[in-house]
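Numbering (our numbering) for the sequence shown: 18 to 503.
Just so it is clear, CB atoms sit at the ideal spot from N, CA and C, and this is done for glycine as well.
As the structure is a prediction and not an experimental result, all values here were calculated from the model.
Reading through the structure tokens given below for one structure.
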Amino acid sequence: MRLSQLWRAATDAVVDPRDDREVAGLAVDSRRVRPGDCFIAVAGEREDGLLHLPEALARGAVAVVAGRRPEAPVPVPLLVVPDARRAAARLAAAFHGRPSDRLEVVGITGTKGKTTTAYLLRSILEAAGRPCGMLGTVRYIVGQRDLPAPNTTPGPTDLQRYLAEMVAAGSRAAVLEVSSHALVQHRVAEIRFRAGVFTNLAQDHLDYHKTPEAYREAKGILFRMLEPGATAVLNLDDPAAGYYRSLARVPVVGYSLGPGAEVTAEIHAIDFRGTRLTLRAGDASAPVATRLMGRHNVSNILAAAAAARALGVGLDTIRRGVEALEAVPGRLEPVDAGQDFAVLVDYAHTEASLRSVLSCLRPLARGRLLCVFGCGGDRDRGKRPAMGRAAESLADIVFLTSDNPRSEDPEVVLAEIRGGMREPGRARVLPDRREAIRAAIAEARAGDVVLIAGKGHETYQIFRDGARPFDDRAEAREALKERRGV
């Protein structure tokens, strides 16, 4: 695309004909600039993107977009904009031909349940014969490519590129997990959503948003974005649903585990094989047998079903799509080596999610419920004591350990978790996560349930000096081998 076309599509700027040139791509990271790219200097939390302008130019940037004029002259065309993040979204959408206009895009936001709901909805849409991409916390599925996900929601240049690749690969739909960070940072600003889904709201990310009100408002940006022809899908069991309803200028579909919503369910049985329920939408109903466990996962099923209904998918197809999903990585994922007790790994890393998972497992444990968890360093400190209280109230034995310590001293994080417990002396404190997992599995008896919470699908642990390979599922398998003496 010519620079003049790009800037005209996204801004009112006019390029001097003498400076017009072909633009090969867009980059917001100077390390990823390739010859012919336009470099967008976005101000980060810690430093200004213009600090990396020399590197971008050395790598071959042919144009620059920035939120302010650099002190030194720039030898390529420069566009100064009020908000470089917002401009990045506009430029990326223009460069890639606004791919969301050619896809049924569903955005899912909420504190917990986004990933499972995304997996469910993709499975339903695939069952409906609509090839569907997915971008979320665990994986990016783009056409035939299945990629590890560095962020829940990609930055705008990557996001628009992935959507364009989905269109080129023949996808008809795309499911996006939309984080509060992504909404505030305008990553999805130029996406045309066919539906926006709200799963629930609980305390999280206050290290970034500072107040619960700001966090709630950040999630609400998705519903302000919905245009005529879209649908807002809201969890009526959550008190925040009323607030998001007030923001939406489009039809609203509600779902609930209780009566009175457009999409509801009756739960018949929950065990380690999954959940049996009857799904109801309007006057129609369908029996569903899913491998997903727990009331919280039934809520996720309702969210996906309501979104699918908004896209015109029938209830029997929804049932087939739900039943086709075998598992979601790191979400109550069993680790089974033939032992006579259960071991499950889950991503639960907030008080609400930890309570949900422990409440699901509590009645299923014929013996004791053992819980291994920690809290991330350099993140919301307020949830640490609350998670300690949740674990203590629902588990028989609590093993406190490190999550991703990052730059914090693990002992400080653990002390803050214990600060919320009535009897902190009863908790087993093992800062080394590998030791804690081994200790819990060594302690388990027949009929017990061991929950390893916090990291789920993650395959690394982050310390002050960087990330190291670590996978709770692999560590649990090794611990089970050691227990058997293999």
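Tell me, to the nearest whole angstrom, how far the beta carbon of residue i is from that of residue j; I am working on the premise that it is less than 8 Å.
i    : j    : result
V79  : D54  : 7 Å
R490 : V362 : 5 Å
A101 : A83  : 6 Å
R445 : F480 : Their Cβ separation, rounded to whole angstroms, is 22 Å, which puts R445 and F480 out of contact at 8 Å.
T418 : L447 : 5 Å
T28  : V98  : 7 Å
C149 : R139 : 5 Å
A382 : D465 : 7 Å
A403 : G437 : 6 Å
A301 : L332 : 5 Å
G77  : V40  : With 8 Å as the limit, G77 and V40 do not qualify as a contact, their Cβ atoms being about 12 Å apart.
Under a Cβ-count criterion, where at least 16 other Cβ atoms within 10 Å of its own Cβ denotes burial, should residue i be classed as buried or exposed?
i    : result
D482 : exposed
E230 : exposed
G66  : buried
Q161 : exposed
V31  : exposed
Y477 : exposed
S410 : exposed
R401 : buried
I284 : exposed
L164 : exposed
P486 : exposed
G187 : exposed
L68  : exposed
G153 : buried
E244 : exposed
P173 : buried
A456 : buried
P175 : The sequence shown places Asp at residue 175, rather than the Pro named in the question. With 16 or more other Cβ atoms within 10 Å, it is buried.
T228 : exposed
Alpha carbon to alpha carbon, how far is residue i from residue j?
i    : j    : result
L468 : C388 : 5 Å
L120 : G384 : 49 Å
A257 : F215 : 9 Å
A181 : I158 : 13 Å
G213 : K498 : 45 Å
E340 : L20  : 49 Å
P167 : V270 : 32 Å
G355 : R501 : 10 Å
S316 : P94  : 51 Å
R35  : M242 : 38 Å
V59  : E72  : 14 Å
E62  : S197 : 15 Å
E368 : R439 : 16 Å
L274 : P116 : 35 Å
Y272 : L319 : 6 Å
R312 : A407 : 17 Å
V205 : R443 : 46 Å
N217 : A89  : 48 Å
N15  : R372 : Residue 15 lies beyond the range of the chain shown here (18 to 503); nothing can be said about it.
E64  : R451 : 35 Å
P351 : P52  : 47 Å
R25  : S376 : 55 Å
P268 : L296 : 22 Å
Quick check: residue i and residue j, are their CB atoms within less than 7 Å of each other?
i    : j    : result
A219 : T128 : yes
L386 : D413 : yes
L264 : G299 : no
G338 : I125 : no
A235 : L193 : no
T133 : R348 : yes
A325 : I335 : yes
I434 : G405 : yes
V430 : C392 : yes
R293 : A303 : no
D395 : E425 : yes
R365 : L137 : According to the sequence shown, residue 365 is Ala rather than Arg. Not in contact: A365 and L137 (Cβ atoms no closer than 7 Å).
A278 : Q177 : no
L108 : L43  : yes
T57  : V122 : Note on residue identity: the sequence assigns Ile, not Thr, to residue 57. No.
F358 : G471 : no
V305 : A145 : no
A247 : R211 : yes
A493 : V360 : yes
R85  : H203 : no
R290 : E343 : no
Y260 : F240 : no
Let me know the alpha helix (DSSP H) ranges lying completely inside the segment 218-280, each 4 residues or longer, listed in chain order. 223-226, 229-242 and 258-264
Alpha helix (DSSP H) runs wholly inside the segment 413-495, at least 4 long, in chain order: 427-435 and 450-460
Just to confirm the assignment: which complete beta strand (DSSP E) runs, minimum length 3, are found wholly within the segment 83-170? 95-97, 121-126, 149-152, 156-159 and 162-165
With a floor of 4 residues, list each alpha helix (DSSP H) that falls wholly inside the segment 366-414, ordered by position along the chain. 368-378 and 400-411
In chain order, each beta strand (DSSP E) run of at least 3 residues that lies wholly inside the segment 190-221: 190-194 and 212-215
Could you pull out every unbroken alpha helix (DSSP H) segment of at least 4 residues lying fully inside the segment 273-339, listed in chain order? 312-327
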